[in-house]
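Chemist:
Okay, here's the thing in structure tokens:
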């Protein structure tokens, strides 16, 4: 299995990676075509606007309530799962989570792991961690399998290989698996499937993610379309689930609207092919299922977001990917540009809590705040507002208490001084009018190059008379006329 | 078990602001204040003047307080809260006369209606004034359509145009359909659709200079879509988008241009060939 590309080998900044992505016309086409189709699918899945809005409202309430009771819900989940025979572990960091998973596999003398798609395991970089310790961890989701085979990371949270078209996948299979090239998507899927089937039967441990953890019944719910999730959670003798602490909801009833929002927002599906509900290991009279089930609950910065009522809304996320599908920035630069596990708008607001703003200083600025993400978010996370908040955190003086890890990285005395001057000009009418006077008089002297602006535009030349002047002249004339008549 | 990591979380107080709800419109007033916006003031002053003329044509007396400047949005969206608040406070003072405030730009109107609440979140006293201003702020086209309920006679030659709607009009103000409705009332104007109409033009204030590569790709796609519509020109009710789109078209040496909707409308209904 090829190793994944370490981040250090990629161009280090968001802007640098964006420039590279923009230069790749095949990549741009792949994303544009894919995102247009996904937007259409979501639109078709919600034909009734009022029903959609009511459901989003409900989804938001359920998540907000679940988060308001998070500590209690997690304790209840742990109690219930333990009662059901599931071993529950807590991990504050990804390192800790990896150690736990590794020790479970080690205690079973396992050497082969199959994994269903799990974003949390991506956060943990579990594959690399296990590979370093001599354990092979094979991705069983087709998209994940493709990117793993190519030594890449996923570029989308629902469709990890969305940046590749079928021809590229065909070439990859040809190069890595030695099969004939084919344009037939079904044939490509069969090729992957044949490889994976064998692995399911050989694996010692199956790893999965969790879409919803239900506190009342101690149930781990997992949605998927390919059957690989079902295989990796039932075929190997040991099942390890990993999840972020924010995935817990109160009861099964709460899951129904959330599930509907998730599948419709993600791929436009009324429901996925498989909805797996795991409440414990195989019972003595049962024919299949794992003999042991473990759950690792991961924090990895989530409690930091939880601590601030505005930022807490970040944790509403049910990982549908609709925000990235509708994001004009994501559509153009693709998921790898974000350089982290979660791309797109949700990535911009969640990643700073995980890795610190100092590691992703460009994330909050990489948005035109157009609002498309907030408009489609099924649980109504006000993403533009949170981006705006992170921009504040980003330019904070280092003396101010940080709310987000690594805040204040973009603090620059020079920039703050410029904004102070700007504020003075715009809050003192005399100064502002002085500015207008100068700009309208000497506007023609505007230099042809105005930094980054003139990379894509000609320099804007101020008008010869400002609206202040025109309005004054016009309104005075009107008044005089009115007085005469 | 009691010493869980999340237990350390202090209680925070910030909450999300309300989303825009459908609003009730007042009867046509006798007087209004025009808030010109800094972009219109400097780069498209004739559009501001045309807005005044259109309002006067409705029999409304227009005030243009000379103390007005900028709504504060550039600093706000760049994360400079104190600087934004200073400017916002000065504009609150300028606009404190109780008259309806008409704004020829969706994003500046959105700043008054939505974001001043966040700017002054920690000043309950000021919030009352903010709510008052939000309640009497109208985007120009919204004002013509719903407050003036205009029925204009189109005196212009037949033409085909493309309409660009700003993201703030679309997603903060819920006013994106107003220009469509108003244009539909003009007999000789045909509005042509363009691809990815709901997608951002890439301006986003300082986004266009902080991320020039991505912003540039967005505006290129937008200008291409607008030209491909087959329209003669583009019209928009937002100064920021207009600055971005026209600046890019000029850089590309295209002859196709955008125009502020106020100027377009004044030309249509006054029969004058623009100001």
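Chains as they are written, first to last, in the working numbering: chain A, 190 to 674; chain B, 7 to 281. Glycine is no exception: its CB is placed at the ideal position from the N, C-alpha and C atoms.
1. Could you tell me whether the Cβ of residue 647/A comes closer than 8 Å to any Cβ of chain B?
2. Bridge partners of residue 304/A, per DSSP?
3. What residues in the segment 149-174 of chain B bring their beta carbon closer than 8 Å to a beta carbon of chain A?
4. Name, please, each residue of chain B whose Cβ falls closer than 8 Å to the Cβ of residue 659/A.
5. Under three-state DSSP, which class holds residue 386/A?
6. Just by C-beta distance, which residues in the segment 515-526 of chain A are closer than 7 Å to chain B?
7. Roughly how many whole angstroms lie between the Cα atoms of residue 413/A and residue 234/A?
8. Verify whether the separation of the beta carbon atoms of residue 244/A and residue 449/A is less than 8 Å.
9. Buried or exposed for residue 198/A, please, with buried defined as at least 16 other CB atoms from any protein chain shown within 10 angstroms of its CB.
10. Please name the residue in 330/A, 287/A, 312/A whose C-alpha comes closest to that of residue 321/A.
11. For the putative contact between residue 485/A and residue 542/A, defined by C-beta atoms under 8 Å, what is the C-beta separation to the nearest angstrom?
12. Are there 16 or more other CB atoms within 10 angstroms of the CB of residue 148/B, so buried, or fewer, so exposed?
13. Name the residue from 667/A, 407/A, 576/A, 313/A whose alpha carbon lies nearest to the alpha carbon of residue 265/A.
14. Answer yes or no: does any C-beta atom of chain A fall closer than 8 Å to that of residue 83/B?
15. Out of 482/A, 490/A, 236/A, which one is the CA nearest neighbour of residue 270/A?
16. Using the Cα positions of residue 161/A and residue 505/A, report the straight-line distance between them to the nearest angstrom.
17. Check each candidate in 126/B, 136/B, 87/B and name the one with the smallest Cα separation from residue 107/B.
18. Which residues does DSSP pair with residue 413/A in a beta bridge?
19. Please name the residues in the segment 176-198 of chain B whose beta-carbon is closer than 7 Å to at least one beta-carbon of chain A, in chain order.
20. Starting from residue 82/B, follow its DSSP beta bridges and name the residues at the other end.
21. Can you confirm whether the segment 118-125 of chain B touches the segment 45-54 of chain B when touching is taken to mean that 3 or more C-beta pairs between the two stretches lie within less than 8 Å?
22. In three-state DSSP terms, what is residue 101/B?
23. Quick check: what's the CA-CA separation for residue 296/A versus residue 415/A?
24. I'd like to know if the segment 496-516 of chain A and the segment 333-343 of chain A are in contact, where contact means that at least 3 CB-CB pairs between them fall below 8 Å.
25. For residue 462/A, is the classification buried or exposed, using 16 other Cβ atoms within 10 angstroms of its Cβ as the cut-off for buried?
26. Going along chain B, which residues have a C-beta under 9 Å from residue 133/A?
27. Should the segment 563-579 of chain A be called in touch with the segment 246-256 of chain A, which here means at least 3 C-beta pairs below 8 Å?
28. Near residue 167/B, what residues of its chain come up, given a Cβ to Cβ distance below 8 Å and the 5 sequence neighbours on each side ignored?
29. If you check the beta carbons only, do residue 508/A and residue 346/A fall under 8 Å apart?
30. Please state the DSSP three-state secondary structure of residue 220/A.
31. Rounding to the nearest angstrom, what Cα-Cα distance links residue 177/B and residue 530/A in this structure?
32. Around the Cβ of residue 16/B, are there at least 16 other Cβ atoms within 10 angstroms (buried) or fewer (exposed)?
33. Answer yes or no: does any C-beta atom of chain A fall closer than 8 Å to that of residue 260/B?
34. Going by beta carbon distance, what residues of the same chain come within less than 6 Å of residue 274/B, once the five residues before and after it are set aside?
35. Can you name the residues that DSSP bridges to residue 240/B?
36. Alpha carbon to alpha carbon, how far is residue 265/B from residue 621/A? Give it in angstroms, no decimals.
Modeler: Well, looking at it:
1. The residue you call residue 647/A lines up with position 458 of the first chain. So yes, residue 647/A belongs to the interface.
2. Numbered from 1 along the first chain, position 115 holds the residue referred to as residue 304/A. The beta-bridge partner set that DSSP reports for residue 304/A consists of 328/A, 396/A.
3. Within the segment 149-174 of chain B, the residues whose Cβ lies closer than 8 Å to any Cβ of chain A are, in chain order, 173, 174.
4. As a working note, residue 659/A is residue 470 in the first chain. Here the neighbours are 51, 52, 54, 55.
5. Stepping through the first chain from its first residue, residue 386/A is reached at position 197. Judged by DSSP in its simplified three-state form, residue 386/A adopts helix.
6. Taking 7 Å as the cut-off between beta carbons, the residues of the segment 515-526 of chain A near chain B are 517, 518, 521, 522, in sequence order.
7. Looking up residue 413/A in the first chain gives position 224. Looking up residue 234/A in the first chain gives position 45. Near 18 Å, if we compare the C-alpha coordinates of residue 234/A and residue 413/A.
8. Numbered from 1 along the first chain, position 55 holds the residue referred to as residue 244/A. Numbered from 1 along the first chain, position 260 holds the residue referred to as residue 449/A. Yes, they are a contact pair.
9. Taking the first chain and counting its residues from 1, the one referred to as residue 198/A is at position 9. Annotation note: pLDDT 45 at residue 198/A (below 50); position unreliable, no value reported.
10. The residue you call residue 321/A lines up with position 132 of the first chain. The option with the nearest alpha carbon to residue 321/A is 287/A.
11. The sequence position of residue 485/A within the first chain is 296, counting from 1. The sequence position of residue 542/A within the first chain is 353, counting from 1. Not really, about 19 Å apart at Cβ, beyond 8 Å.
12. Walking along the second chain from the start, residue 148/B turns up at place 142. Classification for residue 148/B: buried.
13. Locating residue 265/A in the first chain gives position 76, counting from the first residue. The candidate whose alpha carbon is nearest that of residue 265/A is 407/A.
14. On the second chain, position 77 is the one that residue 83/B refers to. Proximity of residue 83/B to chain A, defined by a Cβ-Cβ separation below 8 Å, is satisfied.
15. Sequence index remark: in the first chain, residue 270/A carries index 81 (1-based). Taking residue 270/A as reference, the option from 482/A, 490/A, 236/A with the minimal CA-CA separation is 482/A.
16. Since the first and last residues shown for chain A are 190 and 674, residue 161/A lies out of range.
17. Taking the second chain and counting its residues from 1, one reaches residue 107/B at position 101. Distance check between residue 107/B and each of 126/B, 136/B, 87/B places 136/B closest, using alpha-carbon atoms only.
18. For the purposes of this step, residue 413/A is identified with residue 224 of the first chain, where counting begins at 1. Residue pairing by DSSP places residue 413/A opposite 463/A in a beta bridge.
19. Here the close residues are 177, 178.
20. Working through the second chain from its first residue, we reach residue 82/B at position 76. For residue 82/B, no pairing in a beta bridge is given by DSSP.
21. With fewer than three CB-CB distances shorter than 8 Å, the segment 45-54 of chain B does not count as touching the segment 118-125 of chain B.
22. One-based indexing of the second chain puts residue 101/B at position 95. Coil, per DSSP.
23. The residue given as residue 296/A occupies position 107 in the first chain. The residue given as residue 415/A occupies position 226 in the first chain. So the two alpha carbons sit approximately 30 Å from each other.
24. Not touching, per the Cβ criterion.
25. Counted from its first residue, the first chain places residue 462/A at position 273. An exposed status is given to residue 462/A, since fewer than 16 other beta-carbon atoms sit within 10 Å of its beta-carbon.
26. Any answer about residue 133/A is impossible in this case: the structure gives chain A only from 190 up to 674.
27. For the pair of segments examined, the segment 563-579 of chain A was found to touch the segment 246-256 of chain A: the number of CB pairs separated by less than 8 Å reaches three.
28. In the second chain, residue 167/B corresponds to position 161, counting from 1. Taken in chain order, the residues that qualify are 189, 195, 196, 197, 198, 237, 238, 239, 240, 241, 270.
29. Counting from one through the first chain, the residue named residue 508/A turns up at place 319. Counting from one through the first chain, the residue named residue 346/A turns up at place 157. Yes, the pair counts as a contact, with Cβ atoms nearer than the cut-off.
30. To locate residue 220/A, count along the first chain from 1; it is residue 31. Residue state, collapsed to three classes: helix.
31. Numbered from 1 along the second chain, position 171 holds the residue referred to as residue 177/B. Numbered from 1 along the first chain, position 341 holds the residue referred to as residue 530/A. Straight across, the Cα-Cα distance linking residue 177/B with residue 530/A is about 28 Å.
32. Here residue 16/B is taken as the residue at index 10 of the second chain, counted from 1. Because the pLDDT of residue 16/B is 45, which lies under 50, any placement of that residue in the model is unreliable, and the number read from its coordinates should be weighed accordingly. With fewer than 16 other Cβ atoms within 10 Å, it is exposed.
33. Within the second chain, numbered from 1, the residue matching residue 260/B stands at position 254. By this cut-off, residue 260/B is not an interface position.
34. Along the second chain, read from residue 1 onward, the residue named residue 274/B stands at position 268. For residue 274/B, where only same-chain residues beyond five positions count, the Cβ hits under 6 Å are 160, 162, 192.
35. Sequence index remark: in the second chain, residue 240/B carries index 234 (1-based). For residue 240/B, which the question treats as bridged, DSSP gives the partners 168/B, 264/B.
36. Start at 1 with the first residue of the first chain, and residue 621/A comes out as number 432. Start at 1 with the first residue of the second chain, and residue 265/B comes out as number 259. When rounded, the distance between both Cα atoms is 26 Å.
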